[in-house]
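Read the structure below first, then the notes.
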């Protein structure tokens, strides 16, 4: 996501800050809901409370989620044509510049809260986190 896209989304994020009364989001997002579902890319990259990397990405028209520690040690892997929003939100934070703007908007529209770190500009890349095939079990 580019800085101007993040700035446009920030008011929506502020309006949806999670509090103790926010219900858990059970809605799903499918690969077919995304623009260019054939374009492999990171949808969200962040980290867990245990400081593990949390990477949701689109590849081969499927949504993949990997959670991994250092050094590239796989902790969890799930792939499906669709996933619940809740399962695609890291418990700690996401890096906004490493997230897909449309995916972030879909998560918001479906009621899923995600906490984002400070925006730091990144070079554009198809993937920001590690892919399943780059990780060891």
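In the working numbering, the protein residues as written are 1088 to 1224.
Where is the CB? At the ideal position from N, CA and C, for every residue including glycine.
Being a predicted model, the structure only gives us computed values, none of them experimental.
Next on the checklist: Between residue 1151 and residue 1219, how many whole angstroms is the CB-CB distance? I'm expecting something under 8 Å.
Outcome noted: At roughly 6 Å, the Cβ-Cβ gap stays under 8 Å, so residue 1151 and residue 1219 are in contact.
Checklist entry - Three or more C-beta pairs closer than 8 Å, one from the segment 1163–1171 and one from the segment 1121–1129: is that the case here? => result No, the segment 1163–1171 is not in contact with the segment 1121–1129.
Checklist entry - Among 1149, 1206, 1140, 1136, which residue has its Cα nearest to the Cα of residue 1222? => result Of 1149, 1206, 1140, 1136, the residue nearest in Cα terms is 1140.
Checklist entry - Rounded to a whole number of angstroms, what is the C-alpha to C-alpha distance between residue 1107 and residue 1156? => result Model confidence at residue 1107 stands at a pLDDT of 43, short of 50, so the residue's coordinates are unreliable; what they give is reported in the following sentence. Straight-line spacing of the CA atoms in residue 1107 and residue 1156 works out to 29 Å.
Next on the checklist: Please identify the residue among 1184, 1197, 1189 whose C-alpha is closest to the C-alpha of residue 1174.
Outcome noted: Of the candidates 1184, 1197, 1189, the one whose C-alpha sits nearest the C-alpha of residue 1174 is 1197.
Checklist entry - Pairing CB atoms from the segment 1111–1125 with CB atoms from the segment 1092–1103, are three or more of them under 8 Å? => result Per the Cβ contact rule, the segment 1111–1125 is not in contact with the segment 1092–1103 (fewer than 3 Cβ pairs under 8 Å).
Item to check | Beta bridge counterpart(s) of residue 1150 as assigned by DSSP | outcome: DSSP lists 1145, 1167 as partners of residue 1150.
Item to check | residue 1254 in three-state terms, based on DSSP | outcome: Residue numbering for the chain in the displayed model covers 1088 to 1224; residue 1254 lies beyond these limits and cannot be assessed.
Checklist entry - Between the C-alpha atoms of residue 1040 and residue 1117, what's the straight-line distance to the nearest angstrom? => result Past the edges of the chain, shown from 1088 to 1224, lies residue 1040, and the structure says nothing about it.
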